[in-house]
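Some notes on the structure that comes next.
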Amino acid sequence: MSEEKKINVPPKGPRRGPGGPHGPVVGEKPKNFKLAIKKLVKYLKVSLVPIIVALCFAVAGVAITLNVPNIIGDAMNELFAGALAGSVNMDKIVSLLIKVIILIVISAFLSYVQGFILAGVAQKISYRLRRDIYAKINKLPLKFYDSTSNGEVLSYLTNDVDMVSTTLNQSLSQLVTSIVTLVGVLVMMIRISWAMTGIAVLMVPVSLGLIMLVVKHSQKHFMRQQRYLGEVNGHIEEMYAGHNVVSLYNGQKKSKETFFGLNDKLYRSAKRSQFLSGLMMPVMQLIGNVGYVFVCVLGGLFTIKGSISPGSIQAFVSYLRQFNQPIQQSANIVNTLQSTAAAAERVFGFLEAPDEIETGDNKAQNVEGNVEFKNVKFGYNPDNIIINDFSSTVSAGSRVAIVGPTGAGKTTMVKLLMRFYDINGGQITLDGIDTASFSRAGLREEFGMVLQDTWLFNGTIMENIRYGKLGASDEEVVAAAKVACADRFIRTLPGGYNFVLNEEADNISQGQKQLLTIARAVLNDPKVLILDEATSSVDTRTEILIQKAMDRLMQGRTSFIIAHRLSTIKDADKILVMRDGDIVEQGNHAELMEQGGFYAGLYNSQFQ
Amino acid sequence: MGKTLKYYFKRWPVILAIFALLLGQALCDLALPDYMSQIVAEGVLTQNINRIWYYGGIMLAYASGVTACSVAVGYLAAWLGSGIARDIRRDVFAKVTDFSGAEFDKLSVSTLITRSTNDVTQVQMFFIMFTRLALYSPIMAVGGILKAIDKSQGMNNLVWIIMIGVGTLLLSIIVLLLIVQPKFIKLQKLTDKVNLLAREGLNGMMVIRAFNTQEHEEKRFDGANGELTATSLFVNRVMSALFPIINFVMYGVMISVVWITAANSADVNGVANMMAFIQYAMQIIMSFMMITMVFILLPRAAVSGKRLGEVLSTEISIKDAPNARDFGRAKGVIEFKNVNFKYSGGDDYVLKNISFTANPGETTAFIGSTGSGKTSLISLIPRLYDATEGEVTLDGVNVKDISLESLRRNVAFVPQKNVLFSGTIESNIKYSDESLPDEDMYHAAEVAQSTDFIESKEEKFYSEIAQGGTNVSGGQKQRLAIARALIKKSPVCVFDDSFSALDFKTDAALRSALKDDAKDSALLIVAQRVGTIMNADKIIVLDDGEIVGMGKHKELLENCPVYRDIAKSQLSEEELSL
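Next comes the structure, spelled out in structure tokens:
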């Protein structure tokens, strides 16, 4: 059993709870059921033919099965007649039974083919949805993720896609066969006896009324149960995650008391909710049985009058069971459809979110690396501009250090340069050309990034470095690793360049990971570099290697460094000082110290 | 299922009552077809309308009996199921709350959360299923078989037909499961793989865009996606044979029964009995299906049960010694005497031969690279872990001989990972004791340099804090965590890299305020930045678990190469000579 390694961020808003026992009598409702289904149908268009074929098979299968009780009933009538007469017409019975065998073989075949086709359709849809969602992840502007957590996107890709696929695989044919069964059985029953059918039909409003009554009452308690379950789980997560603090501050007793209170509330609501939703089955059973009794009695009376045969009672009882089933399931089916629509709504909402817009298609050629900011204005939210009017010229090959307290928005500059976010006013130019006139991909080709958050994936070291230039030969990769001072440690690993990084990429040290991302950037060979210096110190030996590798990497490139080391800051050609999102000062170390402003204050405080 | 079975069987009176009710339900249920055949045999065929009404009335009574029993079972099962869940959840939570660091390392926070939530639900669902189906189905099966034998009137062939039907069905289910089982395991792995790739794509969004490797990523994802699709398609297609097979077997049995009865040229009674026999046959087959269902669900619940059992039977490694001393307010002298430490399960010592004294009124600082053992060292003071060899003492008393409650009251500790709890700023700062006066809270916040940002909030100290403190910045979180520690006014204060998210200015202001506020306490500070600790009374340099230097900044610059390397990488030449 594999265990979840990471806890996903719980999605915002009302979502499916971790389904308590006794299935959800209550599901979540979509905002616009019709629209969601319409979109789903549109998406399903390519599979429309197989779906229709499968449904035809399902209908045919049901229609055929419907005849079976009737024929068996005929056989029984023959038996009764024979028993009364003293000799059974075996030939006729055998021929009837063979007919039944043929019918059930055909219906089993049809039903299997139907399942076979729908499984294909459902899986194809899951595949397409997953593919499209994944592709969409890369097309949305980064801004989108300010308001949508990774956990939510993962939930679209897994839970919601599963929901849609399960519905297609099972519930769709269930829905269609239920309707066909209902109609078909009704016809069959009417053919046997009007009056007996009348009783069966009279039972329907009673059933539906009782179902609604049960649902209405259990709904309230079910919601309450889900809410308390959420609170209990929330408390568990919070206390386990903060376990150290709980122990250190002697909070165990308080935490247990809170938990016991919540747990008792959950217990009481769960008990009620489970009892009430569990009522559905016996109630439906009662209705089924009462109908059964009436049919037997009435059938018996009619038989005496000679209006129907005893075999027909047997047939009618079989039909009655089939008639009740779809009605009993109606609450479930409606519920499933609603949850599916809600899932589809979320998925299509994501797929239809507007993509990152292209504002040009220039591709840079022979870039030197001169970067200029002209009256740049920017805010993550247009109502809240944080960079008000920033201008600065950075000539090719120079080093720019971005400094400022934590939370001052140093990474904003990275996001603007790479056009992960678009500026609200002004211009950023590369060699004098407005970056907005480039295609995003074309622009990003000229930039390289070495972030503190070293993004490595489950794969070999070779593959991870090659990521900087996918077409690179093995020799090029090794050469890049040598420049990045990574070659030596890689060779000490078992398998060398073929050493596989595990899923968490924690089978090499933090410092080694940084060397790999530097190697990646070397291979990428960009004109403009963005570096994020590590805040936490790795062991001193690796630290020296990293510094050396970064120095080599910066040779001949325009570099923007989010700097933490004083030596880096002081060696920079230009320092951009950030505070509360804005750039408040710029200049080199000596100039800024002379100004005696914010930077000087920061610098001096270090040595108080 | 292990230990969780205890929770189930502890409620044996309820289970017994449920069993009795189920028996009643089964008897009533099984009686119905019997009376139907009576209606046919005694009423219809002999044209006796009174008998029909009479048997009809009896059937109604039995039908109500079924419902009454079934409702009562439903009530008891809900009571039983939610009660078991409550008890398991309560015991697991209480146990985990008392865990020490070592147990958390062994089981990890995320699996403990899954165990306390999902696994409990799994076990609860299984017990409810088990009670309702696994108890009921055998009753129905046995009752059905007895009744069927009774109705077969010596036609043993009929009973054999049922056996063959049940056998075919079970065999088909087993074969299908055997085909599918290995793929199920693969399916789980592939699902994990798809999730992993999606998570990688989300986390690496910026890198992927920076390198323009969207297409490459999509191809990688497509590989896993395609494989997942193919595997689950196979599983679904195999499993879609199940329902046609069940249908086929049911009708097959029905046809065979009619055929055999016809071939035996039964009399009128025989034929009426046959009608009842068919109903029993269906009930028997359904019962066996249900029993199989329970066995299909069992492995999953068993895994959950085992995981819960693991938690419940875990031995807690750090707890009060039998004659633990209750400490009032300590003076605050911390001493390490030849301490060696390794994590349980670890091979290598993380700390080797550590000896030093930290005195009240002094600042003792620890520095060293990641993995040098700084955090492990200070974790031994409030007994988050216990020293493997040697001893850690507070005022000369081994910390293992002090009650945990009073030890932790005397040590204010700010961990590296600052966890805030949902509530308000006030409830977080006063976490150690709600009854502390507001003045203490204002003062602690002042020293922790948090008054400004708290005052800038609309509801000041009563502002909401979201779970995990996600609605305040990293620096603010760190300062609130420091205030939470300072309000305790403990004689020993430990800060594990607690100033890292603060800018130089705030860091400096906080340290100078701290010096005045806690001038009688022993301050122990772990830091990454040389600037944070260069004025400490004693700096201890750790490398690979050993003390490689101890003294003041200037002394260490001269005689400790490791310290010099660290300082060099952070400070420039001029600053080094300051």
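If you're matching them up, the sequences are chains D and F in order.
Take 757 as the starting number for the first sequence in this note's numbering and just add one per residue.
Take 168 as the starting number for the second sequence in this note's numbering and just add one per residue.
We put the CB at the ideal spot given by N, CA and C, even for glycine.
**Q.** For residue 1343/D, the residue or residues it bridges with in DSSP
**A.** 1331/D
With a cut-off of 8 Å, do at least 3 Cβ pairs link the stretch 521-539 of chain F to the stretch 590-610 of chain F?
no
Worksheet item: CA-CA distance, residue 1251/D and residue 725/F?
Response: 42 Å
Entirely within the stretch 369-403 of chain F and at least 4 residues each: give me those alpha helix (DSSP H) ranges in chain order.
372-377
Which value, in whole angstroms, describes the spacing of the CA atoms of residue 342/F and residue 1212/D? 43 Å
Q: Would you grab the beta carbon distance between residue 636/F and residue 644/F for me? Rounded to a whole angstrom, and I think it's under 8 Å.
A: 5 Å
Chain-ordered neighbours of residue 934/D on chain F, where CB pairs are closer than 7 Å: Under the 7 Å cutoff, chain F gives no residues; its nearest Cβ is about 14 Å from residue 934/D.
#### Entry: Any C-beta of chain F under 9 Å from that of residue 863/D
yes
Self-check item: Contacts that residue 572/F makes with chain D (C-beta to C-beta distance below 8 Å)
Solution: 1006
Per DSSP, residue 1203/D is paired with what?
-> 1284/D
Practice task
Could you tell me whether the Cβ atoms of residue 271/F and residue 992/D are closer together than 9 Å?
Solution key: no
Notebook entry, point to check: What's the C-alpha gap between residue 195/F and residue 317/F?
Noted result: 17 Å
To be precise: take each residue of the stretch 245-264 of chain F, compare its Cβ to all Cβ atoms of chain D, and keep it if any distance is under 8 Å. Which residues remain? 245, 246, 248, 249, 250, 252, 253, 256, 257, 260, 261, 263 and 264
**Asked** Which partner residues does residue 1069/D have in the DSSP bridge list?
**Response** Paired residues: none, contrary to the question.
Notebook entry, point to check: Between residue 172/F and the rest of its own chain, which residues show a CB-CB distance below 6 Å, the 5 nearest in sequence each way excluded?
Noted result: none
Contact with chain D by residue 559/F, beta-carbon distance below 9 Å: no
Interface flag, residue 1248/D vs chain F, CB-CB below 9 Å: no
With distances taken between CB atoms, is the gap from residue 708/F to residue 535/F smaller than 9 Å?
-> yes
* Cα-Cα separation between residue 467/F and residue 283/F, rounded to whole angstroms -> 16 Å
- Message: Tell me which residue opens and which closes the beta strand (DSSP E) that residue 492/F is part of.
- Response: Here residue 492/F belongs to no beta strand (DSSP E), and DSSP marks it neither H nor E.
Inset, instruction - Please compile the residues from chain F whose C-beta is within a distance smaller than 7 Å of the C-beta of residue 1011/D. - result: 264
ask   = Any idea what DSSP makes of residue 704/F, helix, strand or coil?
value = coil
### Message
Within 9 Å of any Cβ in chain F, is that where the Cβ of residue 1059/D sits?
### Response
yes
9 Å Cβ cutoff met for residue 1289/D and residue 1319/D | yes
Let me check one thing: in DSSP terms, what residues is residue 660/F bridge-paired to?
579/F and 690/F
- When the Cα atoms are used, what is the spatial distance from residue 1045/D to residue 940/D? 21 Å
Quiz item: Hey, residue 1072/D and residue 945/D: beta-carbon distance below 9 Å or not?
Solution: yes
How long is the line joining the alpha carbons of residue 886/D and residue 227/F, rounded to whole angstroms?
54 Å
inquiry  = Just to confirm the assignment: which complete alpha helix (DSSP H) runs, minimum length 4, are found wholly within the stretch 1128-1177 of chain D?
reply    = 1166-1173
In chain order, what residues of the stretch 173-184 of chain F put their CB closer than 9 Å to some CB of chain D?
none
- Whole runs of the beta strand (DSSP E) within the stretch 504-538 of chain F, excluding any shorter than 3 residues: 518-525 and 530-534
query = Taking DSSP as the reference, what is the three-state secondary structure of residue 1053/D?
reply = helix
*Express the C-alpha separation of residue 963/D and residue 780/D in angstroms, rounding to a whole number.*
Interpretation of residue 780/D is limited by its pLDDT of 41, a score under 50 that renders its predicted location unreliable; no figure is taken from the coordinates.
Can you grab the Cα-Cα spacing for the pair residue 1207/D / residue 1286/D, in whole Å? 8 Å
**Prompt:** Between residue 818/D and residue 933/D, which are expected to be in contact by the criterion C-beta below 8 Å, what is the C-beta distance as a whole number of angstroms?
**Reply:** 5 Å
Open item on the list: 9 Å is my cut-off, CB to CB: does residue 366/F come that close to chain D?
Closed with: yes
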